[in-house]
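Chains as they are written, first to last, in this note's numbering: chain A, 5 to 709; chain B, 10 to 225; chain C, 2 to 513. C-beta atoms are modelled at their ideal positions from N, C-alpha and C, and glycine is treated no differently. The structure under discussion appears below in the form of structure tokens.
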């Protein structure tokens with residue numbers, strides 16, 4: 005060991021960080037069966053860098069809240085009792101089969117996990133489609149990038165980053181919108197900052213003074229929820245002044261006329277009045293973006309989590325197509341994926357409308373192919389989205405049973421009270437997870453899963469890189485890898501439903517699962533296998549054993565039926581709930597550097613020491629208006645609920661906007677958010693709800709001020 | 010790419026244009042000690058251990074900061090270079106706590122270094138107390154050589170945060186935080202990229218420091 | 002100029018307001034300068050005036066005084082300081098070797114300089130009386146000869162003559178007179194050859210090396226000539242902006258240089274050239290050309306790795322001519338008088354101090370024999386000359402009496418006239434005491450960047466101390482000297498061992 009260590013490791017294991025979609029490669033240093041040091045590997049995607057979560061936030065692996073034995077609640081109202089795997093799996097599959105018999109297979113719902121491996125996501129959707137006979141499967145991308153998927157798929161035919169992380173230094177202009185990249189994808193955030201220091205022109209479009217806004221060459225601080233107008237106006241201005249890429253549009257795009265009609269009213273002046281951004285700044289951004297040799301666009305939840313999330317992303321797509329900023333190095337449309345394997349979960353078909361490889365369930369030919377593969381007839385009825393599924397519980401024809409893998413809807417779904425009520429009405433709930441979470445008390449069966457550090461498999465990161473993970477430890481107690489649990493459940497459920505051939509559930513390990521899936525989606529994964537991944541860096545599409553994978557998508561054609569990019573109108577509609585007299589402020593929710601989503605992982609690690617409690621960002625002007633003092637407790641109240649938090653008075657939040665992180669289950673921001681959805685992607689409108697602020701102790705607050 | 014000929018210790022090697030002499034010489038099998046240089050952060054030229062002789066240059070040049078040129082004749086070993094490296098290694102080892110630097114230990118042996126011949130340490134480095142001001146890592150600056158990799162990782166090289174800063178001159182020059190603040194108030198984002206690049210063990214994960222403490 | 006205002010002037014403005022810097026001042030300045038606060042803070046930490054607090058009495062440590070009654074004066078100063086309840090210490094060369102001993106009374110960022118002072122004066126300090134003659138300005142009369150450089154130039158050269166400057170400087174044989182003696186014509190041509198729409202000329206007025214004070218004299222008493230040379234050079238290389246970097250401690254020089262600039266600008270002399278006077282950081286290392294550029298950019302004055310040289314990538318990455326004060330004055334003279342007559346005379350300024358009756362600045366033709374130079378200054382019983390300055394070497398006298406003081410003859414012996422300092426020691430002086438001052442100076446001025454210099458200069462000083470206490474370790478000294486000379490990143494560390502080494506090599510009778 006050539007490192008200056010204070011402690012010599014028992015072993016060092018190479019794997020992939022489990023937090024965000026950057027997919028940083030790490031070496032874990034182990035002593036006495038604990039991780040004491042995490043080092044970044046020098047190669048891609050992270051090139052020797054990490055963030056605080058990957059470096060210091062893996063303590064959850066050793067936390068006492070780890071689930072270590074299967075549990076069964078034999079009857080409603082009873083206790084969760086320890087059980088053997090055989091008992092638990094029999095109980096679980098028999099109840100699922102029974103409900104399917106009583107209410108039809110579409111009464112079941114399967115929630116896959118963007119934290120689980122590709123192989124496991126593949127098995128979860130196979131469980132739904134082959135063993136249960138329903139397309140009712142989804143995963144948390146519904147809550148994060150479903151809007152991106154919707155817009156990118158219909159326009160370009162592929163819903164992943166079109167370009168790659170290693171191209172960041174090649175961009176002349178970088179446009180980041182709706183992404184607090186330095187906190188949510190810190191390694192990419194640092195790369196973008198460095199690119200800006202090295203001369204790339206950085207445009208940030210965000211209502212909040214996020215980290216990148218502070219180093220941006222141009223910061224457009226738009227009003228929340230007005231994005232399509234801004235990007236529509238940029239595009240309209242470029243067309244009007246002949247600054248777009250006419251040749252690219254003529255040769256490689258279609259749908260111009262209908263789109264042009266849709267932006268007729270989006271003049272710079274109109275955009276200024278709607279977005280609050282001076283027309284001159286919008287013009288500057290448009291000119292810079294269009295004139296760049298290579299302009300890359302990055303975005304995240306700030307774009308997608310709106311009732312017009314699909315339109316937000318569509319407006320970005322239109323802008324990129326009109327300026328020809330696609331199909332070349334350093335350019336492109338790059339949705340920054342949240343979870344470590346959210347790209348893979350989608351690729352694996354853990355979605356209600358597509359099979360693995362984004363093959364549409366609507367196609368009879370596709371259904372037949374999978375029916376042949378699995379020896380299981382495939383349902384014609386389309387699946388419903390996860391958000392629709394939760395809304396349907398307790399309603400006629402609604403969902404009766406839910407199988408959750410690594411999902412905690414109590415903290416992650418909008419309008420928490422509503423979710424609680426729904427879960428209480430549910431006939432049967434399976435919770436399969438590595439740690440106790442907020443949904444755990446509602447479970448009828450608890451299946452303890454192995455973490456990323458206790459199993460084999462692959463994750464696909466945000467730029468389509470497929471990476472191997474490997475066991476660092478044995479799973480605690482009776483915990484088993486998700487793939488093992490799912491294969492067992494699949495075999496048992498198949499026997500009970502008679503849907504699929506039980507033999508198709510026999511797997512020697514994740515590599516065998518991978519081989520099954522890659523044979524069926526050769527154009528994406530044909531050239532990738534576990535043995536090759538152990539030696540090479542590979543990303544999809546990788547159709548052959550000799551292909552290194554494709555970095556820049558769309559160099560000669562788009563993956564649409566015509567091969568052309570489809571321009572589409574992206575009409576703006578105002579958010580569902582406008583601030584008014586009783587609820588005068590806009591609530592926006594999101595993440596902070598030190599925590600992860602529902603906090604299940606990060607709050608069970610050293611990270612919680614750095615950020616122990618809920619803080620909401622309040623603009624100084626609002627603080628004065630509503631008598632809120634910095635560092636003091638404050639109530640944030642919406643029509644749906646209220647939470648207590650510590651006020652952080654800062655101009656990071658614009659006037660009229662309160663920002664709340666989503667990581668604190670006991671004061672969950674989702675008590676406040678609204679269960680309105682984008683009609684296309686069905687994503688909840690997490691980024692916009694009307695709230696008011698009250699000091700917790702008005703007398704004290706008055707004294708302070 | 011057209012490779013260019015370079016002679017390293019009498020051996021003809023073909024190098025990529027733009028490569029550093031260090032890189033090319035190491036590939037040619039030359040064992041050149043180097044402390045400060047780090048590819049990723051771009052740190053170079055501070056420690057002077059990788060000085061090599063280049064024909065036609067008046068004095069030795071740092072291999073890490075010198076780009077190869079066609080026909081360059083490089084010599085990485087000579088009595089003069091050995092003496093020079095030995096002296097630098099001795100002074101570093103005299104002034105600094107090098108107990109965790111395994112590479113330093115092997116060089117001290119290789120160069121038959123005798124730090125004690127310079128008498129007592131003159132700087133206050135070895136007296137510096139560990140700084141434990143955050144939940145993630147410890148700063149034990151008695152072990153710091155001023156290679157500045159951490160500074161570059163924090164600022165220009167990787168993170169663009171500039172929580173770390175530098176103070177003082179001569180042998181008392183030292184890494185610190187902006188305004189000497191605790192790291193928690195310095196703007197540090199605890200990416201730990203400084204810990205990653207630290208070659209001496211001066212920056213150490215808290216878990217590791219605690220384990221080491223237990224072992225003692 | 003870079004789009005942001007420069008950091009050091011911003012810090013100086015804050016310092017004027019408050020007499021010391023608070024973190025908030027540094028943050029404000031950093032924001033204005035477009036630098037991260039951590040960088041601004043490390044810059045503020047680096048330069049002494051930004052940390053100065055309270056009253057300190059500082060005896061100026063330089064080789065000449067060290068060889069005389071330095072110890073006696075210092076202990077008197079410390080005694081007086083104890084009595085007065087203030088701090089006492091030393092500070093390095095103020096360019097007052099010719100009028101020393103010198104004493105600095107520091108009050109926060111402000112300093113008053115007295116020279117000469119004597120024992121009596123120092124003893125009276127505690128009573129609140131002045132310790133000697135106030136010496137903010139170097140006496141004009143320290144120029145002991147007249148000459149091209151030391152007399153007022155009268156008419157300044159016309160900038161339209163800049164077209165032939167590079168060729169003229171080349172044929173005149175001018176070299177860089179900051180001490181490196183690099184051919185000036187080549188340096189000009191290198192900057193001129195760069196293709197860039199922005200180029201700079203930076204005047205290096207950071208003369209800080211013990212024994213040298215001719216640049217100070219020029220800045221205080223003939224700054225128009227220097228500005229004229231800089232303007233000609235700017236025209237010749239295609240630069241639009243001149244920054245005159247004046248050593249931080251030289252407040253009078255700063256004022257004189259700025260006054261000359263304002264006057265020339267008002268007269269339209271600079272035409273469309275932008276000019277500014279820049280108060281330097283106040284450390285010897287600032288005189289290293291790339292460190293000087295760093296300090297203008299608001300950083301710690303640490304030398305850069307070369308290549309690239311400033312001619313290719315200098316200030317803010319632009320091609321930059323960094324040229325010494327005297328060198329630029331010579332360029333003006335070459336333009337005024339023609340390369341041929343210049344070459345015929347080849348004037349050079351010498352700073353002569355120590356055991357001479359008339360210490361001061363002398364203009365002598367290059368090649369003047371050492372003995373003649375010393376006689377001109379009134380030397381007698383000379384035993385050794387420290388030539389060049391702290392970064393110089395001890396020469397035996399009279400063995401080297403006939404040595405021509407030119408660019409090349411001393412080099413054949415491993416010596417150099419450097420910037421032209423001649424510190425003269427008669428047979429009564431303790432040369433090791435002078436050497437101790439030299440090594441203490443380097444051990445104080447090393448920037449802390451490269452390992453050999455930052456660690457080696459204190460140990461070299463320590464070896465000298467031990468030597469003086471009777472523990473001679475010539476082998477260690479030689480090895481450390483080699484390491485410093487061959488291993489250091491810049492000229493400071495490379496030159497640090499020269500004086501000591503020349504002493505042990507050439508003065509067997511003192512090398513016990």
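Contact between the stretch 177-186 of chain B and the stretch 150-163 of chain B (3+ Cβ pairs under 8 Å):
Three or more beta-carbon pairs drawn from the stretch 177-186 of chain B and the stretch 150-163 of chain B are found closer than 8 Å, and the two stretches are therefore classed as touching.
When you compare only the Cα positions, how much space is there between residue 693 of chain A and residue 678 of chain A?
6 Å
Using 8 Å as the limit for Cβ to Cβ distance, is residue 175 of chain B near chain A?
no
Supposed contact pair residue 81 of chain C and residue 124 of chain C - C-beta distance, whole angstroms, cut 8 Å
6 Å
Closer than 8 Å, Cβ to any Cβ of chain B: which residues of the stretch 41-54 of chain C, in chain order?
42, 43, 46 and 47
Where the stretch 95-106 of chain B meets chain C: residues whose CB sits under 7 Å from a CB there
So the list reads 96, 97, 100, 101 and 104, given in the order they occur along the chain.
Return the CA-CA distance between residue 709 of chain A and residue 633 of chain A, expressed in angstroms with no decimal places.
Confidence at residue 709 of chain A is low in this model, with a pLDDT of 48, below 50, so its placement is unreliable and the value that follows should be read with caution. Residue 709 of chain A and residue 633 of chain A have their C-alpha atoms spaced approximately 7 Å apart.
For residue 607 of chain A, go through chain B and note every residue whose CB falls closer than 8 Å to its CB, in chain order.
Going along chain B, no residue has its Cβ under 8 Å from residue 607 of chain A, so there is no contact; the nearest lies around 13 Å.
Between residue 11 of chain A and residue 221 of chain B, is the Cβ-Cβ spacing less than 8 Å?
yes
Would you list the residues sitting across from residue 209 of chain A in a DSSP beta bridge?
Looking at the DSSP assignment, residue 209 of chain A forms a beta bridge with A:181 and A:224.
Please compile the residues from chain A whose C-beta is within a distance smaller than 9 Å of the C-beta of residue 210 of chain B.
7, 8, 9 and 10
Is DSSP giving residue 488 of chain C helix, strand or coil here?
Looking at residue 488 of chain C - three-state DSSP - the assignment turns out to be helix.
Top-ranked residue by Cα proximity to residue 480 of chain C, from B:126, B:212 and B:34:
B:126
Apply the 10 Å Cβ neighbour rule to residue 436 of chain A and answer buried if 16 or more other Cβ atoms are within range, or exposed otherwise.
buried
Check the DSSP bridge columns for residue 93 of chain C and list the partner residues they point to.
C:62
Kindly indicate if chain A contains any beta-carbon less than 8 Å away from that of residue 63 of chain B.
no
Outcome for residue 109 of chain A when other beta-carbon atoms lying within 10 angstroms are tallied against a minimum of 16
buried
Exposed or buried, what is residue 546 of chain A when buried is set at 16 or more other beta-carbons lying within 10 Å of its beta-carbon?
buried
Take residue 166 of chain B and list the residues in its own chain whose beta-carbon comes closer than 6 Å to its own, dropping the five residues that flank it on each side.
50 and 51
Buried or exposed, going by whether 16 or more other CB atoms sit within 10 Å of the CB of residue 183 of chain C?
exposed
What is the DSSP secondary structure of residue 618 of chain A, reduced to helix, strand or coil?
coil
Could you tell me the distance, in whole angstroms, from the CA atom of residue 587 of chain A to the CA atom of residue 581 of chain A?
10 Å
How is residue 160 of chain B classed by DSSP in three states: helix, strand or coil?
Note: residue 160 of chain B maps to helix in three-state DSSP.
For residue 2 of chain C, name the three-state secondary structure that DSSP assigns.
In this predicted model, residue 2 of chain C has a pLDDT of only 49, less than 50, meaning its place in the structure is not dependable; the value taken from the coordinates is given anyway. Residue 2 of chain C: coil per DSSP, three-state reduction.
Short CB-CB distance (under 8 Å) between residue 220 of chain B and chain A:
yes
I'd like to confirm the pairing. Which residues does DSSP put opposite residue 100 of chain C in its beta bridges?
According to DSSP, which records beta bridges pairwise, residue 100 of chain C is partnered with nothing at all.
Among A:672, A:273, A:219 and A:341, nearest to residue 712 of chain A - alpha-carbon criterion
With chain A represented from 5 up to 709, any question about residue 712 of chain A goes unanswered, as that position is not in the structure.
In angstroms with no decimal places, state the Cα-to-Cα distance between residue 359 of chain A and residue 289 of chain A.
39 Å
How long is the line joining the alpha carbons of residue 192 of chain C and residue 53 of chain A, rounded to whole angstroms?
Those two C-alpha atoms are separated by around 39 Å.
Check the Cβ of residue 201 of chain A against every Cβ in chain B and list those closer than 9 Å, keeping chain order.
165 and 169
Any beta carbon from chain A within less than 8 Å of residue 256 of chain B's own beta carbon?
Because chain B in this structure spans residues 10 to 225, residue 256 of chain B falls outside the shown range and cannot be described.
Those runs of the alpha helix (DSSP H) which lie wholly inside the stretch 279-346 of chain A and span at least 4 residues
283-295, 305-308 and 313-326
Kindly indicate which residue of A:670, A:669, A:202 and A:649 has the alpha-carbon position closest to the one of residue 662 of chain A.
A:649
Beta-ladder partner(s) of residue 415 of chain C, from DSSP:
For residue 415 of chain C, no pairing in a beta bridge is given by DSSP.
Pick helix, strand or coil for residue 382 of chain A, following the three-state DSSP scheme.
coil
Would you please state the rounded distance, in angstroms, between the beta carbons of residue 477 of chain A and residue 457 of chain A? I believe it to be under 8 Å.
6 Å
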